Amino acid sequence: MIKTLLSKKLAAVGCAAALSVASVAVAFGTAGDYSLAGAASSASASASASATAAPTTKPTVAPTTEPTVAPTTAPTVAPTTAPSEEPVVKSDYSVVGPLVSSIIGVDKQWDAASAVDMIQSEDNAQVYTLTIKDVEPKVYEYQVLKGHSWDNKYSGTYFGNSDYANLKVDVKEKTDVTVTLDLDSMTVKTNLDADTPTTDMSSATVTLEKSKVAFNNAKQSPVVKSVTLGDKTLVADTDYTVKKLSVSKAGTYTVTVNGAGAYYGSATTSFTVVAKSMSSAKVTVAPKTYTGKKLTSSSYTVKMTLNGKTVTLKKDRDYTVKAASLTKAGSATVKFTGKGNFKGTKSAKFVVKAKKLSAKKITVKNATYTGKTVKSAVVVKDGKKTLKASRDYTVKFSGKKIGKATVTVKGKGNYTGTVKKTIKVVPGKAKIKSAKNTKAGKATVKFGKVKGATSYTVSYKVKGAKKWSKVTTKKTTVTLAKLKKGKTYQITVTASAKAGKTTYKGTTSTVKTLKIKK
């Protein structure tokens, strides 16, 4: 079946011949049945039959019956029945095509027998109808012609669909088919057509519960709150249906509402999934430790809570990153810019941590007692690299007495951490002033006093021997005895001091050589 609107252009077609209402009635009387606008058709048919039969019956009947019947019946019947039974024929419009020709037994689509005039309604001059009885099941094509004429030419104008030259009607089972032409609505339809939508809803206003929603990493569908056309609110599933839409990516989408029932066409509105702001993202950039070389931020994670779940965003799909580089300990800004389903920026710090000092790489010499806060040489290394005091580390000494003292080394700049070392505070280095062979087998050794020392140890041996002999004294002069004449002796002095139960020895003097001549 077909639904059509006829406000389109009228196209020209031809027709082989035109039939009067009477002649069509006779034709249908032999090959089927049809009526013109209901009951009026029977009157028209009988009128036509009388017209064709007159030449054979009038001569025999007229002399006997006309004089007596006509005066008594004609005045009373004609005024009451003729106006109501006689249809108003609008010969400008006709139905033509197989729908008619198949009923009257003519297979040719366009010939004199396939055109039937439509009857103008008595109630509405803009409506024309034609009813064909007992139409067999089939799909029929037909046209409605205006101003058709016959001169062995096919001419006229049809009312039809703008896309097709014909109209169709699908007869499912044997039934009567009524074709109706309505010039008010410019439509042609049959009684088998479904209700034809009459109102265009393309200008309707579609309102959504939410026209914008934030991206949440899940499928989202718009909900139509209302559809209004003028002052009227349309009813869902009765006046319109909503085309299903389910989206999961950021962007603007079209929501389409299709007309139903009395409405045709469609109306649209926009539904936007707004990209999620990067401001709510949790960004972490893995720190690196100072190496002395250029370091770049290359390890990071960007996470966000979406729809109640924590999601890890993906680089180049969800965001781009502007990395930072450092050649020393400190921090720099890394910038993350949303992409695709995300927008805006998020910044985080890239940190290059100072390297921790290693106690194994720190050496401190014992300190010499001076009576003041001790000081000593400190060497700090990073691998094979010797670090620089004041730039890479600071040193603090604690202690001034002979015994033990603490040295604190603290990282600075590119280094961190604190290392404490314990050192010994000992007397200074002894110095031999003189060594003389004063008597036979004897030698006098004099040495300088060492600050903080409480005793001195003089060691001696024959040059080349392994075993040393020792003499301990609190004085700065000592006499060595039982020395062998002619031998050369090696002599040293070491200062000592006691702190608690521990004796701390200073640095041994330089070896002094003495030959015994007496």
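Residues in the sequence shown are numbered consecutively from 6, following our numbering. Every residue gets a Cβ at the ideal spot worked out from N, C-alpha and C, and that includes glycine. Quick caveat, the model's predicted, so the values are computed rather than measured.
- Going by DSSP, Y509 is part of the beta strand (DSSP E) stretching over T507 to K510.
- Within the DSSP bridge table, the entry for M283 names no partner.
- Within the same chain, and ignoring the five residues on either side of S207 in sequence, the residues whose Cβ sits closer than 7 Å to its Cβ are G270, S271 and A272.
- Of the candidates G433, V290, K487 and I407, G433 places its Cα closest to the Cα of A500.
- In this structure, L135 and V121 form a Cβ contact; the two beta carbons are roughly 6 Å apart against a cut-off of 8 Å.
- Here the C-alpha atom of V356 lies approximately 38 Å from the C-alpha atom of K224.
- The three-state reading of DSSP puts V105 in helix, counting H, G and I together.
- Around K454, the same chain offers T481 as residues with beta carbons nearer than 6 Å, after the five sequence neighbours per side are excluded.
- Per the C-alpha coordinates, the member of A291, T478, K503 and K472 positioned closest to K406 is K503.
- In this structure, G376 and K456 form a Cβ contact; the two beta carbons are roughly 7 Å apart against a cut-off of 8 Å.
- Within the DSSP bridge table, the entry for E127 names no partner.
- The residue from P292, K506, N312 and K217 with its alpha-carbon nearest to that of F276 is K217.
- Taking 7 Å as the cut-off, the beta carbon of V414 is found no closer than this to the beta carbon of V379.
- Rounded to the nearest whole angstrom, the CA to CA distance from S253 to T325 is 21 Å.
- Note: S271 is bridge-paired with N263 in the DSSP secondary-structure output.
- K299 sits away from T338, with the two beta carbons spaced by 7 Å or more.
- Straight through space, the alpha carbons of V369 and F341 are spaced by roughly 48 Å.
- Between F220 and N346, the C-beta gap is smaller than 7 Å, which places the two residues in contact.
- In the displayed model, K224 falls within coil according to three-state DSSP, outside both helix and strand.
- Contact annotation: Y295 and L362 have beta-carbon atoms that are not nearer than 7 Å.
- Put simply, the backbone Cα of T508 is about 33 Å away from that of Y398.
- S464 is bridged by DSSP to K475 and T497.
- Between the C-alpha atoms of G491 and A470 there is a straight-line separation of about 15 Å.
- Ranked by how close their Cα comes to the Cα of T301, the residues T411, D139, K327 and A364 have K327 in first place.
- Put simply, of N129, T195, K179 and S126 the residue whose alpha carbon is nearest the alpha carbon of Q148 is T195.
- When DSSP states are grouped into helix, strand and coil, K490 belongs to the coil group.
- DSSP, read as helix, strand or coil, puts K365 in helix.
- As for any alpha helix (DSSP H) of minimum length 4 sitting wholly inside the region 381-424, there is none.
- Per DSSP, the beta-bridge partners of G343 are Y324.
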